[in-house]
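These notes concern the structure reproduced below.
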Amino acid sequence: MSEGGIGSTFMSVAREKIPWWPEVDNNKCDGCAGEFDCLKFCPHKVYKIIDGTLLIEVENKYNCVVFCRACQKMCPKDALSFPNKSDILKIIKEARST
Amino acid sequence: MSELPKVGIISCSGEDCPGGNISREATLKVLHDLRPEETATICLPLFLAGGEGERGFAKRFPTITVDGCGKLCAAIGTTRFSNKPSVEINLEDYPDFSTLKTEEKWHIQESSSNLVEKLATDIANHVDKIRNTSE
Amino acid sequence: MSKKYILPCAGFDRPGGKVSKIAVDIIQSLDSSSIIGSIGALAAERPGEIKDLRSSDVVSIDGCSVKCASKMVEKHSAREFEAVEVTAFVDSTDNEDEKARAVVDMVQQHWATATTAPPKTIEPESLEYDFLTEMIDKFILRVKKGLFYSDNDFWVQQEEDLVRVGLTDLLQQMISDVFFVELTDVGHHVEFGDELGSFESTKIAMEIISPLSGTVVETNTNLEDSPELLNEDPYGAGWLYVMHPDDISELDLLKPADEYMTYGVEKAKRELGKKVSK
Amino acid sequence: MSEAKKIVIPCSGIGKAFGTVSREATYQLTETGHQEEYRTVCLPLLVAGNQDAIDLLKKSKVYTIDGCPKKCATLSVERTGIDVTMEVMIPKVLAKNTDHKPGTVRDIGPNGVFLAKDIVNIILEEGSD
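Residue numbers (this note's numbering), protein chains in the order written: chain D, 1 to 98; chain P, 99 to 233; chain F, 234 to 511; chain R, 512 to 640.
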């Protein structure tokens, strides 16, 4: 639930070193007809509306909670995707050992 | 973030009290709109039910109690379980309150919403005063 | 009468004084809201001390017949108070702890019968010593010692070959009241960071993020009917799963209690006490 | 004051939407059609130790509505030595109406009002015995 953000750490690794955040497929996203479910849902201000459109983009990618994919389930168009968790864990483990 | 102490606000919120709704509404206005960063929400019933956190907070931090009638439950309850409030407000001390019709007191209507505004402003001013003197 | 104030004998070098000391320690562990007075502070006439004394239901504990504690109370307060004398138990037992217990019983009996005394406020949690606690404003953050913690705010407890998994007190306080829990099935295998079911609270719907890789061997089915256990007892009855870990060395990726407390306090400062009103 | 023998006490917690829902349910019960039978007593009176309130509860059936497991309303009544006839725990009520998650403490919205109605029904059902 925490807003990590730039300067924070996750598992003792600088958040900026962990490439975990959602990717929006704008071919699928229709802004939930103006409802923007993901934007409303995420308490960490990860998303923003692309000005003048019904589309969503990721504004604060480092606010995204590593391993959290709750917004993905909210998306009626299945337009959100996340990296593979085990790849991320590998990156974290490597960063911890250096 | 300010290092000044947060001020706890404790509303009577009495369900069977003429001013319970006005005191609750004004308190919520201060907590959420007027001084969100400077205040802490304190639940009066939790004092009795064993809210260690609420009691501990009110022991260490300044508090303002807001009562809707002369029974002063918020002030008495806070003193009883925690500490003497820094400021005790009683809605009955407001001349505007006594001139309200019963129905306007019980449920917030246009006439009573002015009083909510006034009460909220007063609470917010007390918050500022307490924080300024505690520097 | 609002507060409980106990003034113990200060002669800690004497047997009666020692018993008073043990007794007040027990009393405070039973009820942390009770005030332990100081004869020294009263002698120095410290205003706060005198105010506490005068606004409380007072019990003095005298270690010997000189009755310093009682005399001190009499000097500074005009009101009635209860005096307990340790020497009164001198014949019943020689054991100091037993004497202290007897003193505690007397004090508690007084408070139970005092008609003006407030209701008892003992919480079972305050009797436990295996927690680290911090106060952030009005929030009391509790971290159980001996567990391992993920940055997603779940805990892992080693139980021989198996581990028990649950959510932390911090997460419980952040998400507020849980009303629905969906647990995954026994036999389900997950990697570190994978989803292990979900829950929904008045504030948010959330995945349970596994704090290690392994296979579920037991689920806490009580949560289906009583999701509130997650809020009431996150380190106890509100546990989520027992799992067979793939690789117990993954615990190295987690934080011990003290580190998690440091991390949790920072998080709590940002997250707790936010007022939700849209 | 009416001679109602059934008293509803909500927690009215000020930090959460459920507190306001408990309050709404109480007003629904005591102001719309059931006021002859049900009334409310300020929970804060019990916190303040008001003897009149305690005496009144002693003569009545007491229904409590709590918004969270801290059970302020129920515990506050029980600590005065009075038994609670029935306690309603709102998260439990929501668990069977999961689509009706209330709004916020200041505006519980239609879902909150719906939940309150369900709480009223639960109490009326018990109270009709």
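Virtual Cβ for every residue (Gly too), placed ideally from N, Cα, C. For clarity, every value in this text was computed on a predicted model and none was experimentally measured.
Where Thr531/R meets chain B, residues with beta-carbon distance less than 9 Å: No chain B is part of this structure, whose protein chains are labelled D, P, F and R.
Neighbour flag for Ser359/F against chain D, beta carbons, 9 Å: Residue placement at Ser359/F is poorly supported in this model, since its pLDDT is 43, which falls under 50; the coordinates still yield a value, given next. No - not a single Cβ of chain D is within 9 Å of the one on Ser359/F.
Chain-ordered chain F contacts of Ile140/P [CB-CB under 7 Å]: Lys371
DSSP state of Met305/F mapped onto helix, strand, coil: helix
Beta-carbon gap between Gly166/P and Cys110/P smaller than 9 Å: yes
Same chain only: Cβ atoms within 7 Å of Gln261/F, ignoring 5 sequence neighbours per side: Ser267 and Ile269
Proximal chain F residues relative to Pro580/R, where beta-carbon distance stays under 7 Å: Glu461, Asn464 and Glu465
Interface flag, Gly430/F vs chain P, CB-CB below 9 Å: no
With 16 other Cβ atoms within 10 Å as the buried cut-off, status of Gly592/R: exposed
Identity of the residue in Leu129/P, Leu189/P, Arg153/P and Lys157/P nearest Lys87/P by Cα: Since the displayed chain P opens at 99 and closes at 233, residue 87/P lies outside it and no answer follows.
Neighbour-count burial assignment, Thr348/F, 16 or more Cβ in a 10 Å radius: Low confidence applies to Thr348/F: its pLDDT is 46, below 50, so where it sits in the model is not reliable, and the reading given next is rough at best. Its Cβ having fewer than 16 others within 10 Å, Thr348/F is exposed.
Which of helix, strand or coil DSSP assigns to Phe364/F: strand
Per DSSP, the bridge partner or partners of Ser289/F: Lys236/F
Cβ contact check for the segment 427-434 of chain F and the segment 395-413 of chain F: 3 or more pairs under 8 Å: yes
Interface flag, Pro602/R vs chain F, CB-CB below 9 Å: yes
Residues of the segment 401-427 of chain F with Cβ closer than 8 Å to any Cβ of chain R, in chain order: Ser409, Asp410, Val411, Phe412 and Phe413
For Arg375/F and Gln512/F, the rounded distance between their alpha carbons: In the structure as shown, chain F starts at 234 and stops at 511, and residue 512/F therefore has no counterpart that could be examined.
Per-residue contacts from Pro521/R into chain P (C-beta, under 9 Å): Glu113
Residue range of the unbroken beta strand (DSSP E) whose run includes Thr543/R: Counting along the chain, Thr543/R falls outside any beta strand (DSSP E), and DSSP gives it neither H nor E.
Proximal residues, the segment 482-497 of chain F versus chain D, C-beta separation under 7 Å: Leu486
Straight-line Cα distance separating Val128/P from Lys17/D: 41 Å
Min CB distance Lys104/P to chain F below 9 Å: yes
Bridge-paired residues (DSSP) for Val423/F: Gly447/F
Outcome for Phe245/F when other beta-carbon atoms lying within 10 angstroms are tallied against a minimum of 16: exposed
C-beta atoms of Ile73/P and Ile221/P nearer than 9 Å: This structure cannot speak to residue 73/P, because chain P is shown only from 99 to 233.
Positions along the segment 303-320 of chain F whose CB lies within less than 9 Å of some CB in chain R: none
Beta-carbon spacing of Met439/F, Cys68/D below 9 Å: yes
Euclidean distance between Cα positions of Ile88/D and Lys104/P: 40 Å
Nearest-angstrom Cα separation, counted from Ser265/F out to Ala274/F: 20 Å
For Leu605/R, the first and last residue of its enclosing alpha helix (DSSP H): Ile601 to Ala606
Burial state of Pro357/F (16 or more Cβ within 10 Å): Residue placement at Pro357/F cannot be trusted, given a pLDDT of 42 that sits under 50; the coordinates are not used to answer.
Closer than 9 Å to chain P by CB, Met368/F: yes
Cβ pair count under 8 Å reaching 3, the segment 550-562 of chain R against the segment 603-621 of chain R: no
Exposed unless 16 or more other CB atoms sit within 10 angstroms - verdict on Thr354/F: Note that Thr354/F scores a pLDDT of 39, beneath 50, so its modelled location is shaky; the value from the coordinates is reported in the next line. It counts as buried.
Proximity below 9 Å, CB of His422/F to CB of Val449/F: yes
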